[in-house]
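A quick write-up on the structure given underneath.
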Amino acid sequence: DRGGLADGRAHAGETAHGRLAGLDAIAGVGADVARGGFSRHLWNGADLELRAWFTERAGAVGLDVEADRNGNLWAWWGAPGPGAVVTGSHLDSVPGGGAYDGPLGVVSALDAVGRLRASGFQPSKPFAVVVFAEEEGSRFGVACLGSRLMTGVLDPARARSLRDADGVTLAEAGAAVGFDVKGLGADPVALDRIGLFVELHVEQGRGLIDLQAPVALASSVLAHGRWRLEFRGQGNHAGTTLMGDRHDPMIAAARAVEAVRAAALAVPGARATVGRIEAVPGGTNVIASAVRLWLDARADSDDDTRMLVTEIERRAEAASFVEESWSGRVEFDTDLRERLRAVLTRPAAGDATGGAGDASVAGPVSIPVLATGAGHDAGVLAGVVPTAMLFVRNPTGVSHAPEEFAELADCLAGTDALESVLRGLL
Ligand code: GLV
Ligand code: MN
Ligand code: MN
Ligand code: MN
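Counting in the UniProt record's numbering, the sequence shown runs from 55 upward without gaps.
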């Protein structure tokens, strides 16, 4: 059992996740029976339920929640910014995603605030826990939608006209849940309130498994982007159209999938993926009239990533390419990283009891530093304010899939570090 309520550790009044009980509280929200895992996307039922849950939980630890013009939620301790210390993450998921990508950063932030308040700590700066909207871009195609809109990286007119898989525009989807999309776009007031941002996140690869460590600092995020490729042909009957008479776009699309892999293998460190494919109209007995592929490409530098996509365009010359989103390589703030390193290196208060064999007399611990191939709102904010991230070990090494996991002890090591760093910053 992976720490659900059925876990043997849980007994009356206590959940398997203890301080991070929010993970248990939301474990049924947006569970995707067909795919496994969770499907929590902007303004779907699960997303609305999670927003209500966050508002209630943040209120319970004494924070005042408000929504901004771009659908992000801000839970303030006292009066809002400017120059606030901000932490948080997102609550949406990829289709069939894991339980930790996003929610871990939100529940650990709420736990850290609860403990700071319970200890009588009084912040000398404004403080907020943020939940960014549609980080995964799973409904409307653009990742980090809320943070991109807020920072002005994404044009609001373009955002309003984005369509989901059912053809519903973002403007229509917003109207359906009573959200005023006229206000979307660069939000200098919200931005001005942020002094710095720290995001705690489950690790999404095997870096910490290999290093046998519970927590890492993030150094950088690979350059990455998304492109939509469309191959056109002639729709026709699967039974009556002779093989030699066909204009079947599926063949060129299939070759393009192989070309994506071959092109990525030729660029050291690059990753390229076709994770989504759509045949139009999509009937078993219909030769497609069009095939759409979605390409996710990432590499060490902006230039490598652009070169990789140019090479894929060359190899898949029959396709039209549309860029859906782009994120240049990001380096996190060195001062903030050093602060995180300092709290992670310092022995926890409970360890400093003295005596032979005390862990605190062992040599300095070296804290792993990981570059990541995953995108984050922290990457978007890093262009505007000092930003840093903490990663918590994921013993399966799997993410964006139901198998994603983190041990409670590792989550708490990360949460304790977050609490300490907030204490120092506030
Ligand atoms: C988001 O998690 C991404 O890296 O695609
Ligand atoms: Mn993700
Ligand atoms: Mn995430
Ligand atoms: Mn992400």
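Just so you know, even glycine gets a beta-carbon here, dropped at the ideal spot from N, CA and C.
Per DSSP, what kind of secondary structure is A229 in: helix, strand or coil? In this structure, A229 counts as helix in the three-state DSSP scheme.
Can you tell me whether V184 is helix, strand or coil according to DSSP? In the three-state DSSP reduction, V184 falls in the strand class (E or B).
Closer than 6 Å is what we want: which residues have a beta carbon that near any heavy atom of ligand 1? List them in chain order. Of all residues, those with a beta-carbon under 6 Å from at least one heavy atom of ligand 1 are E190, A197, A428 and G429, reported in chain order.
Does the distance between the C-beta of S143 and the nearest non-hydrogen atom of ligand 3 fall short of 7 Å? With a cut-off of 7 Å, the C-beta of S143 is classified as near ligand 3, since at least one heavy atom of the ligand falls inside that distance.
Secondary structure at G72, three-state DSSP: helix, strand or coil? It is helical.
Applying the 10 Å Cβ sphere with the 16-neighbour rule, what's the burial state of G329? Exposed, by the Cβ-count rule.
Contact test: H95 Cβ vs ligand 2 heavy atom, cutoff 7 Å: Result no, Cβ not under 7 Å from ligand 2.
Around the C-beta of G437, are 16 or more other C-beta atoms found within 10 angstroms, so that it is buried, or is it exposed? The residue is exposed, with fewer than 16 neighbouring Cβ atoms inside 10 Å.
Within 10 angstroms of its Cβ, does G408 collect 16 or more other Cβ (buried), or is it exposed? Caution is warranted here: a pLDDT of 39 is assigned to G408, below 50, making its placement in the model unreliable, and the coordinate value is therefore given only provisionally. Label assigned to G408: exposed.
Specify, as a first and last residue, the run of the beta strand (DSSP E) that F285 falls within. F285 -> beta strand (DSSP E) spans A277 to R286.
Is the separation between the beta-carbon of G142 and that of V161 shorter than 8 Å? Not a contact, by the Cβ cut-off of 8 Å.
What is the DSSP secondary structure of E461, reduced to helix, strand or coil? DSSP, reduced to helix, strand and coil, places E461 outside both helices and strands of the structure shown, so it counts as coil.
Would you check if the stretch 129 to 136 and the stretch 432 to 451 touch, i.e. whether three or more CB-CB distances between them fall below 8 Å? Not touching, per the Cβ criterion.
Alpha helix (DSSP H) segment containing G113, residue limits: Run containing G113: G99 to A114, per the alpha helix (DSSP H) assignment.
I need the boundaries of the beta strand (DSSP E) containing G329, first residue and last residue. Taken as a continuous stretch (DSSP letters only), the beta strand (DSSP E) holding G329 covers R325 to V334.
Rounded separation between G62 and G76 - CA only: With a pLDDT of 43 at G62, under the threshold of 50, the modelled position of that residue is not reliable, and the figure given next carries that caveat. Each residue's Cα considered, the two are about 18 Å apart.
Taking 7 Å as the cut-off, does the CB of D155 come closer than this to any heavy atom belonging to ligand 2? For D155, the shortest C-beta to heavy atom distance toward ligand 2 is below 7 Å.
Three Cβ pairs or more, each shorter than 8 Å: is that satisfied between the stretch 187 to 206 and the stretch 239 to 246? Flag = yes, the stretch 187 to 206 and the stretch 239 to 246 touch.
Is H255 a contact residue of ligand 3, with contact defined as CB to any heavy atom under 7 Å? Answer for H255: yes, Cβ within range of ligand 3.
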